[in-house]
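Protein chains: 2
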Amino acid sequence: MQVRQGKGEKNNKLRLVAQDDSCDKCATKRLCITQGLDAEQLGAFDRLSRTRGPFRPGERIFRMGDSFHSIYAVQSGAVKTEAVSDDGRTQVTGFYLPGEQFGVEGIGQAAIPCDAIALKNTWVCEIAFKPLEELCGRSPLLQHHLFSVLGEKICNSEYQFMMGRNMRAERRVARFLKCLVLRIRSLEGSEVRQFHLPMSKEDIANYLGVAPETLSRTLRKLDEEGMIRNEAKGFELLDIEAVNRIAG
Amino acid sequence: MQVRQGKGEKNNKLRLVAQDDSCDKCATKRLCITQGLDAEQLGAFDRLSRTRGPFRPGERIFRMGDSFHSIYAVQSGAVKTEAVSDDGRTQVTGFYLPGEQFGVEGIGQAAIPCDAIALKNTWVCEIAFKPLEELCGRSPLLQHHLFSVLGEKICNSEYQFMMGRNMRAERRVARFLKCLVLRIRSLEGSEVRQFHLPMSKEDIANYLGVAPETLSRTLRKLDEEGMIRNEAKGFELLDIEAVNRIAG
DNA sequence: TATTGGCATTGACCTCAATCAATTTTTTTT
DNA sequence: AAAAAAAATTGATTGAGGTCAATGCCAATA
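Heads up: the protein sequence lines correspond to chains W and Z, in order.
Just add 25 to the spot in the first sequence (first one is 1) and you have the numbering used here.
Just add 25 to the spot in the second sequence (first one is 1) and you have the numbering used here.
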């Protein structure tokens, strides 16, 4: 198992992950598709997956156009995916927090259609897809989990797509906050009120399809109305009911 | 094998499909995920799938909220999927032509997140998902095909999502036309220039996230510029290069 | 043939958010 | 700590496209 050690890395916890990256020890196993596998299958999964990191902020985990052979899960840190359209503009297509899978856009495609970029110091689990497919043939449960991940992704993409046009910037922002709150709380606990944003507001604006200026103004408005406390690299949730009301 | 026979149905071709709906005889088998299966597996697939129809225009094939147990493929006719958002607005999320799979949004979800509605007289192939999963365990090829369908769907959804915002109505419309031309030509031949639209322009506008009026104006503009000949229920393609140029 | 209803089209108007431009704030580098 | 770079904010302006309202066009039914 090879591990790249970033020059500035002095983090013991990260080194621990590198020393033993078995699923059994993984911090995000409760969120993983390996959920419920027996010891033999878990062993097989261990052999087709490996921990990689640390990726520094801005570092690419895979590139658009790479040939597809793995899917990924975030172990720690955070990741964004973005695609470059024909006219050179980049579009952020997703943000991924610990325990979430990414890179599935490449399945069945000739080439991966997006870049994956670390947003902070990040460790990921790389899961080789061909062996995973084989293992799925022997493990109905794993196969089912994998299908579920894909189905959810499709459902979510369509939902995003739906909120595409005909939706006020305010509503889009509120939905984004609502969704992020749910995801972070499922990781850190439902009482969390203070949210740190791993991604820049520029990225969020791009993801939501609004100008950074519009996002800024919208957040200020939500702040002035007392729903959130807007901060430089995060926000405090003051009135989730109000946010939900605007999110619709 | 049960077959519903619509009251007005006098179409012999359709009756033929009903009499023997084995995959072997299916008109769209060259586009199906069964591609390349051996006789034994094809037989198994036959037993977990069945032809259903005819659905009349406007008739629902499945409903939002139904519990998920099948995916579908269009055999003849055309289908749209649409979701109703919390605020009561409906959003068209996809159009499906013969040979294309739909209903995969429900995979791994508690409930199907959209309606599927026939756009004209339509026959579909209903594929029971649980048995399909099982069969995939025995057939790596089938499993691979199914993953590919899902991966493509994800990729496509994200692409749609991407083009949702920061994109001029003109470009969105051009992309839609370009995509439709490709799909119809893969069905009917690459020389086709005259395209009948199975869906209303209202549906198209909704799908693209623009007002029907905007779609109308945009099509008129493309018509005036000589790229297409805009018609009530279709269009003639005059200059595909120009359309591609605008589509980007 | 007249009538009804559903789309599609067209014009007038107005709103929201993109863009441009200028600071200010935060983060990184020296 | 100072300087430089990057990100975020704010204001002013503008334009794409949504909304409203009226009209035209078929196709289906009487």
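Cβ coordinates follow ideal geometry from the N, Cα and C atoms, glycine included.
Here the structure is a predicted model, which is why all the values come from computation and not from measurement.
**Request:** Report the residue from W:Val198, W:Thr76, W:Ile179 and W:Asp140 whose alpha carbon sits nearest the alpha carbon of Z:Gln134.
**Result:** Stepping through the second sequence from its first residue, residue 134 of chain Z is reached at position 109. Selected option, being the one with the closest Cα: W:Ile179.
**Request:** Could you tell me whether the Cβ of W:Asp112 comes closer than 8 Å to any Cβ of chain Z?
**Result:** For the purposes of this step, residue 112 of chain W is taken as residue 87 along the first sequence, with counting starting at 1. Taking Cβ atoms only, chain Z reaches closer than 8 Å to W:Asp112, which makes this a yes.
**Asked** What first and last residue would you give for the alpha helix (DSSP H) that runs through Z:Cys150?
**Response** For the purposes of this step, residue 150 of chain Z is taken as the residue at position 125 of the second sequence. Here Z:Cys150 belongs to no alpha helix (DSSP H); instead the beta strand (DSSP E) covers Thr147 to Ala153.
**Message:** Using the three-state DSSP reduction, which class does W:Gly78 fall into: helix, strand or coil?
**Reply:** Along the first sequence, one-based indexing puts residue 78 of chain W at 53. Residue state, collapsed to three classes: strand.
**Request:** Round the Cβ separation of Z:Met252 and Z:Val235 to the nearest angstrom and send it over; I've been treating them as touching at under 8 Å.
**Result:** The sequence position of residue 252 of chain Z within the second sequence is 227, counting from 1. The sequence position of residue 235 of chain Z within the second sequence is 210, counting from 1. Not quite, the Cβ-Cβ distance comes to about 18 Å (not below 8 Å), so this is no contact.
**Request:** Would you mind reading off the limits of the alpha helix (DSSP H) that contains W:Ser241?
**Result:** On the first sequence, residue 241 of chain W is found 216 positions in, with the first residue counted as 1. Counting along the chain, the alpha helix (DSSP H) containing W:Ser241 begins and ends at Pro237 to Glu249.
**Asked** Got a sec: is the Cβ-Cβ distance from Z:Ala183 to anything in chain W below 8 Å?
**Response** One-based indexing of the second sequence puts residue 183 of chain Z at position 158. The sequence as given places Glu at residue 183 of chain Z; Ala does not occur at that position. Yes, its Cβ sits closer than 8 Å to a Cβ of chain W.
**Item:** Between the CA atoms of Z:Pro138 and Z:Arg114 - distance to the nearest angstrom
**Value:** Position 89 of the second sequence, counted from the first residue, corresponds to residue 114 of chain Z. Position 113 of the second sequence, counted from the first residue, corresponds to residue 138 of chain Z. Rounded to the nearest angstrom, the two C-alpha atoms are 14 Å apart.
**Request:** Run down chain Z in chain order and give the residues with a C-beta less than 9 Å from the C-beta of W:Glu158.
**Result:** The sequence position of residue 158 of chain W within the first sequence is 133, counting from 1. Chain Z residues near W:Glu158: Pro165, Gln168, His169 and Phe172.
**Item:** Contacting residues, own chain, Cβ-Cβ under 6 Å from W:Val117 (five flanking each side not counted)
**Value:** Your numbering for residue 117 of chain W matches position 92 in the first sequence. Closer than 6 Å at the Cβ level, and outside the excluded window around W:Val117, lie Lys105, Glu107, Asp228, Asn231 and Tyr232.
**Request:** Would you verify that the beta carbon of W:Glu130 is, or is not, closer than 8 Å to some beta carbon of chain Z?
**Result:** Here residue 130 of chain W corresponds to residue number 105 of the first sequence, with the count starting at 1. Taking Cβ atoms only, chain Z reaches closer than 8 Å to W:Glu130, which makes this a yes.
**Prompt:** In angstroms, rounded to a whole number, what distance separates the CA positions of W:Pro237 and W:Leu222?
**Reply:** Taking the first residue of the first sequence as 1, we reach residue 237 of chain W at position 212. Taking the first residue of the first sequence as 1, we reach residue 222 of chain W at position 197. C-alpha separation (whole angstroms): 15 Å.
**Request:** For W:Ser95, name the three-state secondary structure that DSSP assigns.
**Result:** Here the question's residue 95 of chain W lines up with position 70 in the first sequence. Here W:Ser95 sits in strand by DSSP.
**Asked** Within the 8 Å Cβ cut-off, does W:Cys48 reach chain Z?
**Response** To locate residue 48 of chain W, count along the first sequence from 1; it is residue 23. No, its Cβ sits nowhere closer than 8 Å to a Cβ of chain Z.
**Request:** Classify W:Glu256 as helix, strand or coil using the three-state DSSP reduction.
**Result:** Taking the first sequence and counting its residues from 1, one reaches residue 256 of chain W at position 231. Strand at W:Glu256.
**Message:** Looking at chain Z, is there any beta carbon in it that lies within less than 8 Å of the beta carbon of W:Lys178?
**Reply:** As a working note, residue 178 of chain W is residue 153 in the first sequence. Yes, W:Lys178 counts as interfacial toward chain Z.
**Request:** Please decide whether Z:Gly133 counts as near chain W, where near means a Cβ-Cβ distance under 8 Å.
**Result:** Position 108 of the second sequence, counted from the start, is the residue given in the question as residue 133 of chain Z. Cβ-Cβ to chain W under 8 Å: yes for Z:Gly133.
**Message:** Is there a C-beta anywhere in chain Z that falls below 8 Å from the one on W:Thr239?
**Reply:** Start at 1 with the first residue of the first sequence, and residue 239 of chain W comes out as number 214. Chain Z contact via Cβ: absent.
**Asked** Taking 8 Å as the CB-CB cut-off, is W:Cys204 touching chain Z?
**Response** Start at 1 with the first residue of the first sequence, and residue 204 of chain W comes out as number 179. So, not an interface residue.
**Asked** Would the beta-carbon of Z:Tyr97 fall within 8 Å of that of Z:Ile152?
**Response** Position 72 of the second sequence, counting from 1, holds the residue named residue 97 of chain Z. Position 127 of the second sequence, counting from 1, holds the residue named residue 152 of chain Z. Cβ atoms of Z:Tyr97 and Z:Ile152: closer than 8 Å.
**Request:** May I ask you to report which of helix, strand or coil DSSP gives Z:Ala143?
**Result:** Here residue 143 of chain Z corresponds to residue number 118 of the second sequence, with the count starting at 1. If DSSP states are grouped into helix, strand and coil, Z:Ala143 belongs with the strands.
**Prompt:** Got a sec: is the Cβ-Cβ distance from W:Gly162 to anything in chain Z below 8 Å?
**Reply:** On the first sequence, position 137 is the one that residue 162 of chain W refers to. Closer than 8 Å to some Cβ of chain Z, the Cβ of W:Gly162 qualifies, so yes.
**Message:** Contact criterion: CB-CB distance below 8 Å. Does Z:Thr243 meet it with respect to chain W?
**Reply:** Here residue 243 of chain Z refers to the residue found at position 218 of the second sequence. Output row for Z:Thr243: interface = no.
**Request:** Mind checking who Z:Arg85 pairs with in its DSSP beta bridge?
**Result:** To locate residue 85 of chain Z, count along the second sequence from 1; it is residue 60. Looking at the DSSP assignment, Z:Arg85 forms a beta bridge with Z:Ile142.
**Request:** Write down the C-beta distance between Z:Ile86 and Z:Val149 rounded to the nearest angstrom, noting that I regard them as a contact closer than 8 Å.
**Result:** The sequence position of residue 86 of chain Z within the second sequence is 61, counting from 1. The sequence position of residue 149 of chain Z within the second sequence is 124, counting from 1. Indeed, because the Cβ distance is near 6 Å, the residues count as touching under 8 Å.
**Request:** Report back the beta-carbon spacing between W:Ala194 and W:Leu144 to the nearest angstrom; my notes put them in contact at under 8 Å.
**Result:** Counting from one through the first sequence, the residue named residue 194 of chain W turns up at place 169. Counting from one through the first sequence, the residue named residue 144 of chain W turns up at place 119. W:Ala194 to W:Leu144, Cβ: 23 Å. No contact.
**Message:** So that I know if they touch, is there some Cβ in chain W lying closer than 8 Å to that of Z:Pro223?
**Reply:** The residue you call residue 223 of chain Z lines up with position 198 of the second sequence. Not an interface residue.
**Request:** Give a yes or no on whether the C-beta atoms belonging to W:Leu160 and W:Leu73 are separated by under 8 Å.
**Result:** Start at 1 with the first residue of the first sequence, and residue 160 of chain W comes out as number 135. Start at 1 with the first residue of the first sequence, and residue 73 of chain W comes out as number 48. Cβ distance < 8 Å, so W:Leu160 and W:Leu73 count as in contact.
**Prompt:** CA-CA distance, Z:Thr76 and W:Met192?
**Reply:** Your numbering for residue 76 of chain Z matches position 51 in the second sequence. Your numbering for residue 192 of chain W matches position 167 in the first sequence. Roughly 39 Å between the two C-alpha positions.
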